[in-house]
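Quick notes on the structure that follows.
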Amino acid sequence: MAQVKMKEKAKVAIFKLSSCGGCQLQLVDAGEDFLKLLDHIDIVYFPIAKSENLDGPYDIVLVEGSACSAEEIEHLRKIRASTKYLVALGTCACFGGLQSIRNFEPTAKLVDMVYEKPPKSHPTKSFGIDEYVKVDAYVVGCPVEPSEVVEVIKSLLMGVKPRFPPYSVCVECKLRENECFLLKGIPCMGPITAGGCNALCPSSNRPCEGCRGPTKDPNSKALAKLLFELGATNEDVRRKFRKYAAASMAFAGVGV
Amino acid sequence: METLILRKEQLPQFIEHLRREYRVVGPVKKGNLVVFAEISKAEDLQLDYVTTMIPPKKVLLPQRETILKFKFENETPKVEQPAVDGKIVLFGVHPCDINAIKVLDKVLIEGEFKDPYYAQRRENTVIIGLNCTKAGEYCFCTSFGTGPGAKDGFDILLTDLGDRFLVEVGTDAGKKIVEGFKELSKAEDADIAKRDEILKKVAESIKRRIKTENLETLLLEKINDKIWQELADECLACGVCTTVCPTCFCYGVIDRVSADFKEGERIRYWDSCMFLEFAAVALGGNFRPGRDARLKHRMYHKLVYIKQQHGVFGCVGCGRCVEFCVKHIDPVDAVTRLSGD
């Protein structure tokens, strides 16, 4: 990986595909760190936050959302061609997101259900953007953690591989000394979900919903088995695993 | 060894006495769990606890600590060491956890390389132990002689005798503390007899057992047994077992720079041999890519390898890795099955 020259400011662009927009806003939520980064980057394309937006080429592009139509796939390919580094920003861009629940029904049937008139675009299934283009770094989360967005930009500026927690939500949950939901018989996605959120939901007395997608080498089958033992039906387990990252290899086949 | 009596109504004064010189960290209630946390008064203590989830190790080897800070000024980085923590009393530590700290001492201080961060904290820490008056569902300390009563490894050791604590002094640091607290009285032979009777009863109530005789030979013989794959099929590799283990000492080190690239810190954090990344090396190699290999390595490290390296078992039978594993994967059960019992 060639290092982005620190002498001149790196040109950064933030694009949105099918998504809610929440992940982009997390960058602004990084507060002081975001302002510090502005000494080293120029955000030249960020329509959700500024009115003047420039065409490429860019040094770093963050893509939020997943490509859900032929038009978006084309758009994504053009974005890729315009940048040195491409970052998948958030669970939609990494794993297909909430909208990937559509992948399990024929698209034509869903289009009929949703639209009164045929849509102008050509809807497709929803996958992580690396289904279509090369991705240099992934930031997971629904939404992403502001600190992790800052981390990925810092790493790319330094020319090093960004490093995110290699463990599940359970580790941070234990470190915060929370009582375990699963041991109390309440379904929780913690053991197979990527950590890095500092166990936000379990620490607020809510089980993990799996919004950060699969951790490294998750044993989805073993968790599904435990959920069945706790009384979950096949449909319950399917819904749990398909909620945020249905298009990920680790979650797609569970409970089918 | 000197033996004294601390009446229970004197406990608040005793804690006050400790707090004049030390921060006191002891077992306190958090929801349905008991956790080690700093206390300001005796009433905060939950001394009838069985096991905490995170062991008191967290005081000596923090989950995340900054080991140095650096600042860039005119291209040359300026490096500074963070301040050392003050003096701490670890209060109410059960014998399994006392013995776990002995294992950590062995590896991190008495081994070939001395860990300066751990050693500094250890030097500043006084351990006031608390013998067990009841056993938990998952306890198996009697297998390793690490409980229910402590033999050494403490500065002061307490045993709850009902209306009073028997106080045993183990070190000069402990002696200094009790000498500064004049209200203690001498223990009678009957008090010591009562302690022995309580400990005998607790020991008898612990039914779970790993036979340690020829354990190394048995495990090395069974290293390719089908049981490891069976357990790996259940194992979520979530890392809970190592996170709650009182003797796990593996750590990772990472440098973090600030968003303006002007300063940064070197952080060390608890790592785990259960993570896929743990045995990963450059160019994509990995010595333990399978969950079966990782799970087996964890158990073998505790029961075989650390003994070969440091002469002690790495397991103290606290039962945490079984209790807090959502699948209750159990070394006692594994060894029992392997030995055909």
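For the protein sequence lines, the chains are A and B, in the order given.
Letter by letter, the first sequence follows residues 11 to 266 of the numbering used here.
Letter by letter, the second sequence follows residues 18 to 358 of the numbering used here.
The beta-carbon is built from N, C-alpha and C at its ideal position, and this holds for glycine as well.
message: Once the 5 residues before and after residue 123 of chain B are set aside, which same chain residues still bring their CB inside 7 Å of it?
response: 327 and 329
Member of B:310, B:293 and B:75 whose CA lies at the smallest distance from the CA of residue 52 of chain B: B:75
message: Let me see if you follow: with CB-CB separation under 9 Å, is residue 308 of chain B close to chain A or not?
response: yes
task: Check the Cβ-Cβ distances between residue 82 of chain B and every residue of chain A, and say whether any is below 9 Å.
output: no
- request: Express the C-alpha separation of residue 138 of chain B and residue 102 of chain B in angstroms, rounding to a whole number.
  value: 7 Å
message: On the DSSP letters alone, give me the boundaries of the alpha helix (DSSP H) that residue 115 of chain B sits inside.
response: 112-125
task: Using the Cα positions of residue 166 of chain B and residue 216 of chain B, report the straight-line distance between them to the nearest angstrom.
output: 6 Å
- prompt: When the cut-off is 9 Å and only beta carbons count, does residue 108 of chain B lie next to chain A?
  reply: no
Distance between residue 89 of chain B and residue 263 of chain A (C-alpha atoms, nearest Å): 50 Å
- prompt: With a cut-off of 8 Å, do at least 3 Cβ pairs link the stretch 170-181 of chain A to the stretch 113-128 of chain A?
  reply: no
query: Going by beta carbon distance, what residues of the same chain come within less than 6 Å of residue 274 of chain B, once the five residues before and after it are set aside?
result: 281
- prompt: Taking the continuous beta strand (DSSP E) assigned at residue 67 of chain B, which residues delimit it?
  reply: Unbroken run through residue 67 of chain B: none, as it is neither H nor E.
query: Shortest alpha-carbon distance to residue 45 of chain A belongs to which of A:69, A:163, A:107 and A:139?
result: A:163
- prompt: Can you name the residues of chain A whose CB is closer than 7 Å to the CB of residue 277 of chain B?
  reply: 46 and 49
Extent of the continuous beta strand (DSSP E) run through residue 99 of chain A: 93-99
query: Pick from A:181, A:227, A:222 and A:104: whose alpha carbon is nearest that of residue 155 of chain A?
result: A:222
- request: Give the DSSP-derived three-state secondary structure of residue 301 of chain B in the structure shown.
  value: helix
message: Can you look up residue 61 of chain A in the DSSP assignment and give me helix, strand or coil?
response: coil
- prompt: Where in the stretch 74-136 of chain A do unbroken runs of the alpha helix (DSSP H), each at least 4 residues long, occur, reported from the N-terminal end onward?
  reply: 80-91, 101-105 and 117-124
field: CB contact flag (residue 412 of chain B, residue 117 of chain B, <9 Å)
entry: Summary: the structure shown does not reach residue 412 of chain B, with chain B confined to residues 18 through 358, and so no result is reported for it.
- prompt: From which residue to which residue does the beta strand (DSSP E) around residue 352 of chain B run?
  reply: Note, residue 352 of chain B: premise wrong, no beta strand (DSSP E); alpha helix (DSSP H) at 348-355.
field: Rounded distance between the beta-carbons of residue 97 of chain A and residue 124 of chain A, thought under 8 Å
entry: With 8 Å as the limit, residue 124 of chain A and residue 97 of chain A do not qualify as a contact, their Cβ atoms being about 30 Å apart.
- prompt: Thinking C-beta only, is residue 158 of chain A closer than 9 Å to residue 169 of chain A?
  reply: no
Enclosing beta strand (DSSP E) for residue 55 of chain A [first to last residue]: 51-55
field: Stretch pair the stretch 219-238 of chain A + the stretch 233-248 of chain B: three plus CB contacts closer than 8 Å
entry: no
message: Under 8 Å: do the stretch 232-245 of chain A and the stretch 195-209 of chain A share three or more Cβ pairs, one atom per stretch?
response: yes
query: Nearest chain B C-beta to residue 13 of chain A closer than 9 Å, yes or no?
result: Summary for residue 13 of chain A: the model assigns pLDDT 43, below 50, so the residue's position carries little reliability, and this model does not support an answer.
- request: Assign residue 130 of chain B to buried or exposed, taking buried as 16 or more other Cβ atoms, counted over all protein chains shown, within 10 Å of its Cβ.
  value: exposed
task: Taking all protein chains shown into account, decide if residue 225 of chain B is buried (16 or more other Cβ within 10 angstroms of its Cβ) or exposed.
output: buried
field: Under 7 Å from the C-beta of residue 202 of chain A: neighbouring residues of chain B
entry: 253
- prompt: Any Cβ of chain A within less than 9 Å of the Cβ of residue 48 of chain B?
  reply: yes
query: Does DSSP put residue 285 of chain B in a helix, a strand or coil?
result: strand
query: For a contact meaning CB atoms closer than 8 Å, what does residue 344 of chain B contact in chain D?
result: Absent from the structure: chain D. Protein chains present are A and B.
- prompt: At least one CB of chain A closer than 9 Å to the CB of residue 347 of chain B: is that the case?
  reply: no
- prompt: CA-CA distance, residue 113 of chain B and residue 145 of chain B?
  reply: 13 Å
message: Taking only three categories from DSSP, how would you classify residue 154 of chain A?
response: strand
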